[in-house]
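Have a look at the structure below before the remarks.
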Amino acid sequence: MKKNESTIDRAARVLVGLGLLAYAVIGGATWGYLGIVPLVTGLIGICPLYSLLGISTCGKCTATGCGCGSAK
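Here it is in structure tokens:
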């Protein structure tokens with residue numbers, strides 16, 4: 372699978388995921404463990420739902436390439 376998340380998207384997912392997990396661990400609601408989803412997708416840079424919907428926030432690849440496959 373090709374990366375489909377921008378750096379900002381990935382950072383936001385990681386922060387939200389860590390926040391939800393921290394909430395669950397310190398005694399919050401058990402739904403906080405759902406934070407694993409944005410955390411993992413943010414760390415790997417691939418969102419399966421984005422892939423299904425054909426969405427990419429990655430933008431155009433530079434000469435170094437981000438691996439998203441949007442370079443033409």
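Count along the sequence shown starting at 1, add 371, and that's the number in the working numbering.
The beta carbon of each residue, even a glycine, is placed where N, CA and C say it ideally should be.
| query | result |
| --- | --- |
| Measure the Cβ-Cβ separation of V385 and L410 and say whether it is below 7 Å. | yes |
| Under 7 Å Cβ to Cβ from G416, same chain only, skipping five residues before and after it: list those, please. | K374, E376 and R381 |
| Could you please give the first and the last residue of the uninterrupted alpha helix (DSSP H) stretch that includes G390? | T378 to V396 |
| Please classify G388 as buried or exposed, where buried requires at least 16 other C-beta atoms within 10 Å of its C-beta. | buried |
| Between the alpha carbons of A393 and G430, how many angstroms are there, rounded? | 31 Å |
| What separation, rounded to the nearest whole angstrom, lies between the Cα atoms of A395 and G413? | 19 Å |
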